[in-house]
Structure formats: structure tokens, C-alpha cells
Amino acid sequence: MDRVDRNVFDGDVRIRFSPPVQRALGAGAPAAPAVVAVESTVIAHGLPYPESAALVASLRHIIEEDHGCVMAIVAVLDGVVHVGLDERQMERLVRSAAPDAAEKFIKCGRRDLVGAVVQKRCGATTVSATMAIAHWVGIPVVLTGGIGGVHRSVAGDIRGSLDVSADLPTLAQLPVCVVCAGIKSVLDVGATLERLETDSVPVVVLGADRFPAFWQRESAWGAPLRLDTVEEVATLVRAHWETPRVFGREQVATMTTTTKAGGVLVAVPIPAADACPDVEAVVQRALQEAATQRLSGKQVTPFLLRRVAAHTGKASVRANVSLLCNNARVAAVLARALRGDRV
Ligand code: PSU
Ligand code: MN
């Protein structure tokens, strides 16, 4: 048997693992490789095709060949939640980003998952949805480029300030570690960091004193916590997840998921050679365009990323690919360090 369906909720929601992920997550396999979950919205909606196809090949090489882990891209295919895709499934996901694609994947935040499942649609999962699935199946590390956050007020439009990504409450709730290059600077980085503080999510910057700004190595904000090695990050994550145990076994048993320790955000600055020069003017232009078109909700982030790419002559796309590959290295080493600590 090389595929297993887990039927949950009376069989309405099905999870299908790729054979390598199935083997890696299988019970009683101490020598099994560590798994890195990868969100798929960045592939279907965050990057243009064919850059997205090359990216998937690079991520697989880094995670699997270089670091001996298993890559588990998470996506919904025809209403089935997939953890790990085979070549043909990956091709479907990647091709959906082509301008002439016959098949489109809906952008699935955590709340959109169930709709995609019951309507038997195809969906690309954001960080929030990927975290939820990773937590469900016991994968402690999720890879992304930049998490969603608090959007800037779009040209004084009050609705802009109400747009807060589901990535943030999900980080507060679920014990999953997300590796990113910071918060996309189309967002309000300061407000996003404040929200993470309120929600008591540990935010670690790897090897730098300033919080990174996605396409750039530094934002105007300092690192809430700086650690210099991935091993130190693993120690911190373990400590965070074990914290409720200080209250004693009985109390822990009665705690709900939300009162247990939640996620950890690990931010890795983009490699210097691939960082973009100042993008603020370009971001401002893209925000104006979004306001003119009266965009709202989940269309906003993909639109802004497309416009920034157009205005930078794709320098932002090259930077995005570079930071994702860099994050993949960190995520793989972290997944190995955490192996055995199933969430
Ligand atoms: N990182 C990237 N590109 C992306 C994203 C992350 O480099 O497109 C996606 C992630 O899936 C993230 C989502 O969860 O953007 C946030 O979207 P929203 O602001 O609508 O929650
Ligand atoms: Mn949003």
C-alpha cells in the first residue's frame, strides 16, 4: 500500500499523503527522514510561471538532495487535501499560474479549506491553511517566503486597516514553526510585529539584529530575539512547546489547543547578493493601483506582488525565489533538529 487516506469528520475531509511523506510520518520509523511542509499559495499566486516551476525544482533539490529531508507541498486537489505531491500533481499546481492555464487553484486561507473540500475544488494553501494541515498530521515546520500580516491602510480607505491575514491568529494558536524572510513590505511591518507580540508568538531573527523586510535584509524594526544558529532556534522551539508542562500533567491534559503554546516565527534575512534596492516607492505605486481598482480581501496580496514585480522588472521575483531557497535550507536543518518532537 503506497497511499493512505485518513478519513476524518465522518469521511468528509480526506487527507492523502505522497508515498515519501507517508513513509516519513509513519509510526515507529526512527530513521525516517524529517519532513518540511511547503505552502502552495506562493507557487500558484505569489510568483509568475515559469519561475514557479523552477522554484519547485530548486526547493526539492535543497530539501531532499542537500539536506536529506522530504518536501511536502500542501494543496487541495479535487477536494482532497494533499500532503506531498507527485510529479503530475505538482505540474497541475505549477501550470495553474500560467496566464493561459485552463485550471486555476483558488487561494485557500484556513477558512477557505472546507469550502474547497466540499465543492471538490483545487486550492493552493496559504501559510494559515498549511499550518493547520501540518499541525493535523504532525509536521512541525512550514516553509514560506513571507507571512501575511496587517495590511497598510490603502490610500486612506478605512477597509485597508481591517485586513489582517489569518496567518497571524493561526501562529498564535497552532504549535507550528514557520520559516520566512520576514513580512512582505507591502504590509504594515510594525503593526504586524505588534500583533505578534500581543498574541505572544516568539519571533526569532536568524543571525541579525534587525527584523528583515522580505525583499530587503533590514526593516526599520529591531529583532525581537536574535539567535545565531539553527540549533539554537530548535532549542527555543522545543522550550516553547514544552512550557505548558511546568503546570503539571493534569493541567496540561485539560488545556485546549489554544491555551497550549502556539507557533514560532523564524525570520531569515534574504542573501545580500539578491536583495532588492529600496522598494518603498514601488510599493507605494502598487498600493495606489490596488486602491484605484478597489481591491479587497484575498486578492490584495497577489495583486500587490504582481505589480511590484512589474515595476521592478522582475527583480522582486528573483529576490523572492532566492529568499525561498535560503529559507528552505534553514527549514530543512530545523526540521532535522526537531525530529522526534512531533507536534
Ligand atoms: N510568501 C511569498 N509569496 C506569497 C505568500 C507568501 O513569498 O504569495 C502568500 C502566503 O501563502 C501567505 C499569503 O500566507 O501570501 C498571505 O495572504 P493574505 O495576506 O491574503 O493572508
Ligand atoms: Mn488579507
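Just so you know, we're using our numbering here: the sequence shown kicks off at 222 and counts up by one. Each residue gets a CB set at the ideal place from its N, CA and C atoms; glycine is no exception.
May I ask you to check if the CB of residue i is nearer than 6 Å to at least one heavy atom of the ligand MN?
i	result
Ser-349	no
Ser-386	yes
Which whole-angstrom value describes the C-beta separation of residue i and residue j, a residue pair presumed to lie in contact below a C-beta threshold of 8 Å?
i	j	result
Met-311	Val-256	Rounded, the Cβ-Cβ distance is 16 Å, inconsistent with contact.
Ala-507	Val-487	Actually they do not touch by this definition, with Cβ atoms about 27 Å apart.
Gly-366	Val-263	5 Å
Gly-443	Asp-430	6 Å
Ala-558	Val-451	6 Å
Gly-483	Leu-427	Actually they are not in contact, since the Cβ atoms of Gly-483 and Leu-427 sit about 20 Å apart, beyond 8 Å.
Taking the CB atoms as reference points, tell me whether residue i and residue j lie closer together than 7 Å.
i	j	result
Thr-351	Val-297	no
Leu-446	Val-425	yes
Cys-497	Ser-279	no
Val-397	Leu-555	no
Val-407	Leu-306	no
His-303	Arg-237	yes
Ile-404	Asp-388	no
Val-454	Thr-413	no
Ala-245	Pro-254	yes
Gly-300	Val-338	yes
Ile-283	Cys-290	no
Val-503	Val-551	no
Trp-436	Ser-537	yes
Ile-491	Arg-560	no
Within the present structure, is the beta-carbon of residue i separated from the nearest heavy atom of the ligand PSU by less than 6 Å?
i	result
Gly-367	yes
Val-304	no
Asn-547	no
Gly-344	no
Gly-267	yes
Lys-519	yes
Glu-272	no
Thr-262	yes
Thr-522	yes
State whether the stretch 337-356 contacts the stretch 313-329, with contact taken as three or more CB pairs (one from each stretch) at a distance under 8 Å. yes
Inter-stretch contact (C-beta, 8 Å, three-pair minimum) for the stretch 539-549 and the stretch 269-287: yes
Count the CB pairs spanning the stretch 351-361 and the stretch 409-420 that are closer than 8 Å, and state whether there are at least three. no
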